[in-house]
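Using mature numbering (1 follows the signal peptide of the UniProt record, and there is no 0), the letters of the sequence shown map in sequence onto residues -27 to -1, 1 to 154. Cβ atoms here follow ideal geometry from the backbone N, Cα and C, with glycine treated the same way. Since the structure comes first, as structure tokens, the remarks are kept for the end.
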Amino acid sequence: MDISRRRLMVTVFIASSLIMMLQCCDAVRHNVGGTKNDGWIPNKMNYTSDWAAHEQFYVGDWLYWGYYEPRINRQLYSVFEVNKMDYDSCSTDHPLYNISRGGGRDVYQLNQSRPYYFISGGGFCWQGMKLTVFVQELPPAPAAAPSTGSYAAPSTGSSASLSASLSGIFSIFATAAALVV
Ligand SMILES: *[C@@H]1O[C@H](CO)[C@@H](O)[C@H](O)[C@H]1NC(C)=O
Ligand SMILES: *[C@@H]1O[C@H](CO)[C@@H](O)[C@H](O)[C@H]1NC(C)=O
Ligand SMILES: *[C@@H]1O[C@H](CO)[C@@H](O)[C@H](O)[C@H]1NC(C)=O
């Protein structure tokens, strides 16, 4: 095998490894309700138990609420972050954050590991437009994930994750170096 072909293989190998590593821990955008155009509408589902319970939310992930079809929906519905008390009483009198931008495509980044409470204004909270999301610390890297599927305590998890990534990076470059030599 000549040198240029070997170089190409090494480059492809390193590039694909880097892409895999990026995909591993990239922030995820979650489409609320599972669809992009009409995921956030009244009486669709229990967003907390029917949708959020089947997703894993990590710090840095995004939520996306789509309600632009049919067109009238973007004027009727909205998204607010509220506290637990206002969530329970469906009140938008003192929202923590007004997420609605008017286009029926709203996004919000989940920056902290805590419960988040979201509701629609206009009384539609009473018709099921409410969502609770529990955000976790970043998970351990895939190699370090326990087979039970439950995550270790956050501090242990992140340090395990860090060392797993570091050893992953190291082995990639060690392999690449071995190929080049
Ligand atoms: C939705 O599910 C959650 C979690 O099971 C439950 O606490 C809540 O009462 C349900 N909401 C409605 C409107 O049924
Ligand atoms: C929320 O923000 C949108 C876009 O800036 C605005 O049109 C709307 O009036 C706001 N709603 C409230 C209740 O402040
Ligand atoms: C989350 O953090 C990013 C970057 O630090 C910041 O730009 C953004 O405004 C934050 N989002 C919220 C909803 O606080």
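Closer than 8 Å by C-beta to residue i: which residues in its own chain qualify, once you throw out the five before and the five after it? Chain order, please.
{"i": "C63", "result": "I92, G96, C98, W99, K103"}
{"i": "G33", "result": "A(-1), Q82, L83, N84, L111"}
{"i": "S86", "result": "V32, V108, Q109, E110, P127"}
Helix or strand or just coil, what does DSSP make of residue i?
{"i": "W13", "result": "coil"}
{"i": "A126", "result": "Residue placement at A126 cannot be trusted, given a pLDDT of 38 that sits under 50; what the coordinates show is reported in the next sentence. The answer is coil: DSSP assigns A126 none of H, G, I, E or B."}
{"i": "N46", "result": "helix"}
{"i": "Y20", "result": "helix"}
{"i": "M58", "result": "helix"}
{"i": "A133", "result": "Per-residue confidence for A133 stands at a pLDDT of 39, beneath the threshold of 50, marking its modelled position as unreliable; the derived number appears in the next sentence. Helix, per DSSP."}
{"i": "G75", "result": "coil"}
{"i": "R2", "result": "strand"}
{"i": "Q85", "result": "coil"}
{"i": "Q100", "result": "helix"}
{"i": "G7", "result": "helix"}
{"i": "T121", "result": "In this predicted model, T121 has a pLDDT of only 46, less than 50, meaning its place in the structure is not dependable enough to derive any value."}
{"i": "R(-21)", "result": "helix"}
If I'm right that residue i touches residue j with Cβ under 8 Å, what's the distance once you round it to whole angstroms?
{"i": "V52", "j": "D79", "result": "5 Å"}
{"i": "D59", "j": "H67", "result": "7 Å"}
Going by beta-carbon coordinates alone, are residue i and residue j separated by less than 8 Å?
{"i": "N46", "j": "Y37", "result": "no"}
{"i": "W13", "j": "Y50", "result": "yes"}
{"i": "E54", "j": "Y20", "result": "no"}
{"i": "N16", "j": "G77", "result": "no"}
{"i": "V106", "j": "Y31", "result": "no"}
Any heavy atom of ligand 3 closer than 7 Å to the Cβ of residue i?
{"i": "Y31", "result": "no"}
{"i": "N82", "result": "Here residue 82 turns out to be Gln, not Asn, going by the sequence shown. The answer is yes for Q82."}
Once the 5 residues before and after residue i are set aside, which same chain residues still bring their CB inside 7 Å of it?
{"i": "I72", "result": "V52, F53, E54, D79, Y81"}
{"i": "K57", "result": "Y90"}
{"i": "E28", "result": "H3"}
{"i": "L69", "result": "E54, V55, N56"}
{"i": "G94", "result": "S51, F53, T65"}
{"i": "G75", "result": "R47"}
{"i": "G7", "result": "W24"}
Is residue i near ligand 2 - that is, is its Cβ less than 7 Å away from at least one heavy atom of it?
{"i": "R(-21)", "result": "no"}
{"i": "R74", "result": "yes"}
{"i": "N46", "result": "no"}
Comparing the CB of residue i with every heavy atom of ligand 1, is any distance shorter than 7 Å?
{"i": "G101", "result": "yes"}
{"i": "S64", "result": "no"}
{"i": "S93", "result": "no"}
Closer than 6 Å by C-beta to residue i: which residues in its own chain qualify, once you throw out the five before and the five after it? Chain order, please.
{"i": "M(-19)", "result": "none"}
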